[in-house]
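For what it's worth, our numbering labels the leading residue of the sequence shown as 75, then goes sequentially. Glycine is no exception: its CB is placed at the ideal position from the N, C-alpha and C atoms. One structure is given below, encoded as structure tokens.
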Amino acid sequence: MFFDIDGTLMEDSPTHFVPESTPAALRRARNAGHLLFVNTGRPLVNVDEDVRILGFDGYICGCGTYIECSGKELFYHTVPQALCGETAALIRSCGASPLYERRDAFFFDPKARNLPFIENIREMFRMQKKNVRRNVSDDDFSFDKFVIAYDEQTELERFRQGIAPHFTFIDRGCGFAEMVPLPFSKKTGIEFVLNHYGLRREDAYAIGDSLNDLPMFEGCGTSAAMGNGEKQLIAYADYVTADLWHDGVAQALEHFGFFAP
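Below, the structure is given as structure tokens:
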């Protein structure tokens with residue numbers, strides 16, 4: 075089974091609340107011989123110990139741009155540095171506020187607009203003692219994927235047209251969007267892992283809560299949406315489990331028979 079992190083395994087908040095039932099259910103499923111993978115938009119650098127301690131067989135990070143199985147890196151794709159610079163210039167000119175994500179770092183842009191959504195992320199990272207001093211002026215600036223905050227002053231359509239040859243635009247709502255380099259996605263990450271283990275799409279299950287989990291649903295034979303999930307995603311789910319705070323992950327694992335060998 076493939077799991078989203080934020081809003082699925084744990085609360086999307088500074089506390090990263092995890093119900094007691096979740097780690098216990100994950101242990102039961104692994105002990106029964108099932109493979110469990112994280113499949114997240116987060117870059118590797120943002121997959122912290124509070125996620126790893128839950129116990130997984132591998133990690134698909136950055137929407138399919140990094141894949142790790144049994145502690146070994148099997149795949150990594152990053153955006154060419156020249157395109158990174160061109161993209162940063164486009165974002166500035168369109169009036170968006172960016173956060174650039176790489177497997178080992180985050181980069182901010184002091185020359186771009188600083189909208190509250192991105193500033194709140196920076197403050198959360200600062201509280202988590204992550205390095206928030208990297209910026210686009212650094213000699214090694216590059217990224218694997220990126221997110222933006224936007225508002226009514228942002229030239230959003232010009233931005234979308236400008237990135238279209240190179241990136242998928244995922245509108246997360248509330249003035250927040252996520253960009254992933256073509257052709258990568260949570261779905262391509264799943265396809266890589268299934269091929270690595272010699273498994274079929276029908277053997278795979280996915281569980282998530284937000285619209286960026288839709289490619290994950292498309293890559294699996296069976297899908298479950300969290301009860302706290304976005305309505306647009308729930309419409310595509312084969313099963314809707316309880317919400318995060320009422321043992322949704324444990325309920326889904328039990329429903330699909332993951333506690334049996």
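Based on Cα-Cα distance, which residue from the options lies nearest to residue i?
{"i": "D214", "options": "S144, S87, F220, Q155", "result": "Q155"}
{"i": "C137", "options": "L327, A324, K305, G293", "result": "G293"}
{"i": "S167", "options": "L288, D312, Y224", "result": "Y224"}
{"i": "E123", "options": "E142, Y140, H90, I134", "result": "H90"}
{"i": "A334", "options": "A103, E231, D131", "result": "A103"}
{"i": "E160", "options": "A324, Y310, P239", "result": "P239"}
{"i": "F191", "options": "R232, D277, G247", "result": "G247"}
{"i": "F111", "options": "F76, S297, G272", "result": "F76"}
{"i": "A186", "options": "K203, M201, P255, S211", "result": "S211"}
{"i": "N120", "options": "I195, I222, S95", "result": "I195"}
{"i": "F180", "options": "V221, L157, A163, Y140", "result": "V221"}
{"i": "E304", "options": "N286, A326, C158, T296", "result": "N286"}
{"i": "E197", "options": "M290, P88, V267", "result": "P88"}
{"i": "E276", "options": "S297, G129, L288, P257", "result": "S297"}
{"i": "N209", "options": "G107, F182, Y310", "result": "F182"}
{"i": "C158", "options": "C143, E147, E175", "result": "E175"}
What first and last residue would you give for the alpha helix (DSSP H) that runs through residue i?
{"i": "S371", "result": "One cannot answer for residue 371 here, as it falls past the ends of the chain, which runs 75 to 335."}
{"i": "T96", "result": "95-105"}
{"i": "D245", "result": "First-last for D245: 241-247, but that is the beta strand (DSSP E), not the alpha helix (DSSP H)."}
{"i": "L327", "result": "322-329"}
{"i": "E292", "result": "288-292"}
{"i": "F130", "result": "First-last for F130: undefined, no H or E at that position."}
I'd like to check one pair, residue j with residue i: are the Cβ atoms closer than 8 angstroms?
{"i": "P93", "j": "L318", "result": "yes"}
{"i": "G282", "j": "D78", "result": "yes"}
{"i": "V206", "j": "F199", "result": "yes"}
{"i": "L173", "j": "V125", "result": "no"}
{"i": "V314", "j": "A299", "result": "yes"}
{"i": "R177", "j": "Y150", "result": "yes"}
{"i": "I127", "j": "F233", "result": "no"}
{"i": "Y271", "j": "L100", "result": "no"}
{"i": "M253", "j": "I237", "result": "yes"}
{"i": "D169", "j": "E229", "result": "The residue you asked about is not Asp; residue 169 is Gly in the sequence shown. Going by C-beta atoms, G169 is nearer than 8 angstroms to E229."}
{"i": "Y310", "j": "F332", "result": "no"}
{"i": "V153", "j": "P257", "result": "no"}
Would the beta-carbon of residue i be found less than 7 angstroms away from any heavy atom of the ligand MG?
{"i": "L327", "result": "Because no ligand of any kind appears in the structure shown, any question about the ligand MG cannot be addressed here."}
Is there at least one Cβ from chain B nearer than 8 angstroms to residue i's Cβ?
{"i": "C135", "result": "In summary, chain B is missing from the structure at hand, where a single protein chain is found."}
Per DSSP, which residues does residue i bridge with? Please list them.
{"i": "F181", "result": "Y174"}
{"i": "N209", "result": "F182"}
{"i": "C143", "result": "G132, K146"}
{"i": "Y279", "result": "T296"}
By the DSSP assignment, the beta strand (DSSP E) with residue i in it spans what residues?
{"i": "F111", "result": "111-113"}
{"i": "A223", "result": "219-223"}
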